[in-house]
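The numbering used here numbers the first residue of the sequence shown as 38 and each following residue consecutively. Data block below; observations after.
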Amino acid sequence: MRIAITVCYLLLILLGVSFAALNATSVHVNLYVTQLVLPISVLMTVMLGVGVCFGFLMFLNRYWRLKADHRKITNQLKLTEREIKNLRSIPLQDQH
């Protein structure tokens with residue numbers, strides 16, 4: 038298993054190096070304050086990283102909301118179970 042993971046990592050590194058070699062052309066990136074000249078492979082990698090980070094932040098937002106909902110529902114369930122247990126312990130009274 039360890040060998041397979043190492044082979045996958047080596048293939049990914051080889052793929053990245055070949056991608057960088059094939060896309061070595063420089064591009065001008067005009068920002069509001071400055072202008073950058075970067076190889077297109079670096080620019081694409083940076084943009085992919087920014088997209089992954091943004092997606093992760095969006096995921097965290099949703100995850101925290103679901104976690105809060107889960108905590109709320111769990112507390113309601115505990116309260117309901119406690120109430121049922123208390124109601125079962127009360128003896129029934131006939132009204133004759």
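Cβ atoms here follow ideal geometry from the backbone N, Cα and C, with glycine treated the same way.
For secondary structure counted as the beta strand (DSSP E) over 3 or more consecutive residues, the region 68-104 holds these complete runs in sequence order: 72-76. Proximity of the region 42-61 to the region 76-89 meets the contact definition, three or more beta-carbon pairs being nearer than 8 Å. Under the criterion of beta carbons closer than 8 Å, L73 and V66 qualify as touching, at roughly 4 Å. Apart from the 5 residues on each side of it in sequence, A57 sits with its Cβ closer than 6 Å to the Cβ of S78 in its chain, given in chain order. Residue pairing by DSSP puts S63 in a beta bridge opposite P76.
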